[in-house]
């Protein structure tokens, strides 16, 4: 298949690539652009390891084709830190021990970000429900729920000051 | 959330994460050393390599369970523009055989196919798409053979053979142990219960599938970077199977994206090696997709377990009779060792004076059974802990009382007659559980359910042996270096597959040498740089390597202090103390930096190594040398008491776990956060095993080899877990520690099953407890108006 010129914003920078329109976004990110923080685990939309944000909403990059990101804003785990500052969620994931092998972590952090945007004050049950599309085989999820909850609480405390 | 408030300075996080400014003490929840790189996506896993000019390698697999290979036709693939070459067993110069104990698995099939995942040909191509298309263009021709599918039928005379030259038909390993009067003591029992339990095949389902890359270095040595638990053993296996000198092979093991036993032993290493020998200097990459990981990876052995358990009127266990059948698939892998471990733990953490244990590990043409967290203990714990509840029910005795009455104490003999000489906290675990609110408030909790949803609670008492057993040396060699710049470099010999042992290593060195983590660098396992230290398995990583590391760090400390004492004209080492960055004289207050001391030491003096070999059982409890070789018995055990609180939907049969308590004796805890991670993660895998995970195989073919039909627990399926550590000091452990990696995965299936029995008066003898099975048992029970337990 011939290639297509695709223009989109990636981690706050406008970029242009040449790619086959049916190339999977996960391959574009990992292989073509070297952003290997986005993981592939099942390649079929079952596990959430390849989660990215498209215009701020979580999407599975293994199920998206290159042509679909034309004109959109893509955020990967590499783009979450900004101006030398990592995201609060990344900090709480570290502090609360939400990371073991780490392979699901980028996807879960991005999915949690989307979750908190939709619901800034979730209950633990709502966090669990919100992360049901992201599999983790190491943690048993409890410390991930702790981390997401801590990030939500921390933001609210800051906002109430 | 305001954008400006979502971010925290990277430097702040580094501070929090590495706690640059203070020594990491033993016993503190020091943040994991790998967490920052993992949460920012910077860690490079073996699957993350996309080098220049890289060749893609892939395997053509059999797809049939039992057949003679007639022809491989690659003529169509050879016309594909991206095709490079195809390699078969004829291109393998070595033994073409691999395996941990028994070398019975071909790298590439050279006689017959023994399971659907058998590798027939290795294909090299220019890119991923060309590889996939080339593999599809290869056709195979077979002569079908009747498959061997059931363990007990496989043992009958006249059964087709998986290995034509195996000395004992389809039996890989059998074992028998008899203690006291054996089953003759059944006559002396007041109560006897009998049941058969069947447990299923479980998939590791690590998020990172098998992956790696390889190249020939400038000296013509083969270098393999791969996701593995066993770099040093891999090196020997690859060298032997491919016909290379061991010294010509180097294995580098980065962090794995999960392993759990499934990367204990060669997965794709020999393929990568063979490929790299044939790429004319180009690097080569291989990454299995999820389906291939299911198809070719090892599984938790399915087990069929016949149990008879008898007790005296006073509640003391009197005799146990067990027959155990494990389906190991076509290759040994670690199947024999799993059987020995299962036999050893078949009687659970109890005193039973009369025991007969018989077990068979049997070849079939089903998927390969291998190492999986729990390692045989998971299966037998499901059996003994359920039959304990059945016995308690029969005797009208409280299940906790029955366990407390029979629980092992230090000095007792376990079910294989081994005297327990290490710390033994089974009773402590049960007693702490009995005082926990999840237990004391259980009746109130059970009564507060809603209509058609029955609540119940269930117990499990668990033990897990640590290390390799009496024959295979369980050793580690640690190496610690004072660098010429005055920093500390730790050469980690055991892979961190996610369990956090790197952080434990950092903590041990920081603690002993009094240095802040920012001055300590960790080197990942690499057969060229780090020293042989065994596998990341068997609950032994921090126990064995930690002990070696204490020795190496202490030796280095001594050398630093001696040289500093000479230089500072101190009378003896005790006048000096290591402080972050240097050595201080306590009498004068004078300090010299480590960078200066480094210049006063030769390179050899700056490097300290220490060898540690784990203690083994001195008692000889069996004369069966083969069982001893396969690891029976162990001498150090961890213990735990688990409590599951479940709700059963009587209309659908769905079981939900609402609360879970685990009280664990794994010795002293070096890092409470990482300890909890192990407990939580093991329980989650055990919950999957209890309720949803079942790799279904029909006629040797998998029916659900993907994550949409093989159901892993999600965040909604795992309840809030209460974890309590009973910190009993283990004198042989590093800072009193025992293993924690495996034990917690053994509790959930029996605890949940006992809770379902408590809730609905039914017992499901086959796991997992799917809604279909539970509802079927509820309806059957209602129809008969009685329990359906297999009472004698």
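Protein chains in written order, with this note's numbering: chain U, 1 to 161; chain X, 162 to 953.
Every residue, glycine too, gets a C-beta built ideally from N, C-alpha and C.
Since the model is a prediction, treat every value here as computed from it, not as a measurement.
- Excluding residues up to 5 positions away in sequence, 889 and 891 lie with their Cβ nearer than 6 Å to the Cβ of residue 584 of chain X in the same chain.
- For the 7 Å CB-CB criterion, residue 940 of chain X and residue 850 of chain X do not form a contact.
- If you check each beta-carbon in the region 98-122 of chain U against every beta-carbon of chain X, the ones closer than 8 Å belong to 99, 100, 101, 102, 103, 104, 105, 106, 109, 116, 117 and 120.
- Just so you know, the alpha carbons of residue 237 of chain X and residue 291 of chain X end up roughly 13 Å apart.
- Excluding its 5 nearest sequence neighbours in each direction, residue 687 of chain X has C-beta neighbours in its own chain below 8 Å: 392, 411, 412, 413 and 414, listed in chain order.
- Under the rule that a run must span 3 or more residues, the beta strand (DSSP E) segments found entirely inside the region 758-783 of chain X read 768-774.
- Think of a sphere of 9 Å around the beta carbon of residue 869 of chain X: the chain U residues whose beta carbon falls inside it are 42, 44, 45 and 46, in chain order.
- For residue 153 of chain U, the nearest beta carbon of chain X is not closer than 7 Å to its own beta carbon.
- Secondary structure at residue 529 of chain X: coil, using DSSP grouped into helix, strand and coil.
- The closest CA to that of residue 557 of chain X, considering only X/508, X/838, X/234 and X/474, is found on X/474.
- Residue 44 of chain U and residue 72 of chain U have their C-alpha atoms spaced approximately 22 Å apart.
- Apart from the 5 residues on each side of it in sequence, residue 880 of chain X sits with its Cβ closer than 6 Å to the Cβ of 818, 819, 820 and 821 in its chain, given in chain order.
- Exposed is the label assigned to residue 570 of chain X, since fewer than 16 other Cβ atoms lie within 10 Å of its Cβ.
- Every unbroken stretch of the beta strand (DSSP E) spanning 3 or more residues and falling wholly within the region 58-83 of chain U is given here in chain order: 73-75.
- Across the region 349-378 of chain X, CB contacts with chain U closer than 9 Å involve 365, 366, 367, 368, 369 and 370, in sequence order along the chain.
- Boundaries of the alpha helix (DSSP H) around residue 601 of chain X: 598-601.
- Taking 3 residues as the shortest admissible run, the region 639-720 of chain X contains the following complete beta strand (DSSP E) segments, listed from N- to C-terminal end: 649-652 and 681-684.
- Proximity of residue 875 of chain X to chain U, defined by a Cβ-Cβ separation below 7 Å, is satisfied.
- Straight across, the Cα-Cα distance linking residue 135 of chain U with residue 103 of chain U is about 10 Å.
- Counted as a single uninterrupted DSSP element, the stretch harbouring residue 629 of chain X is not any beta strand (DSSP E), since DSSP gives it neither H nor E.
- The C-beta of residue 527 of chain X has 16 or more other C-beta atoms within 10 Å across all chains shown, which makes the residue buried.
- Per DSSP, residue 869 of chain X is not a residue of any alpha helix (DSSP H), being assigned neither H nor E.
- Looking at U/131, U/101, U/26 and U/49, the one whose alpha-carbon comes closest to that of residue 838 of chain X is U/101.
- Between the C-alpha atoms of residue 516 of chain X and residue 595 of chain X there is a straight-line separation of about 29 Å.
- At a cut-off of 7 Å between C-beta atoms, residue 37 of chain U counts as an interface residue with respect to chain X.
- Against residue 126 of chain U, chain X offers no close residue; the least beta-carbon distance is about 11 Å (beta-carbon pairs closer than 9 Å).
- Taking C-alpha positions only, residue 398 of chain X is separated from residue 435 of chain X by approximately 13 Å.
- The C-beta of residue 572 of chain X has fewer than 16 other C-beta atoms within 10 Å across all chains shown, which makes the residue exposed.
- Cβ-Cβ distances below 7 Å link residue 186 of chain X to 672 in the same chain, with the five nearest sequence neighbours on each side left out; the list follows chain order.
- Interface flag for residue 78 of chain U against chain X is set, since a Cβ pair is found closer than 7 Å.
- Within the model, the alpha-carbon separation for residue 574 of chain X versus residue 580 of chain X is close to 4 Å.
- For residue 914 of chain X, the enclosing alpha helix (DSSP H) covers residues 909-921.
- Judged by pairs of C-beta atoms under 8 Å, the region 210-223 of chain X touches the region 276-290 of chain X, as three or more such pairs exist.
- When 7 Å is used as the limit between beta carbons, residue 129 of chain U is near these residues of chain X: 877, in chain order.
- Taking 7 Å as the cut-off, the Cβ atoms of residue 360 of chain X and residue 928 of chain X count as close.
- Measuring C-alpha to C-alpha distances from residue 352 of chain X to each of X/477, X/650 and X/576 identifies X/477 as the nearest.
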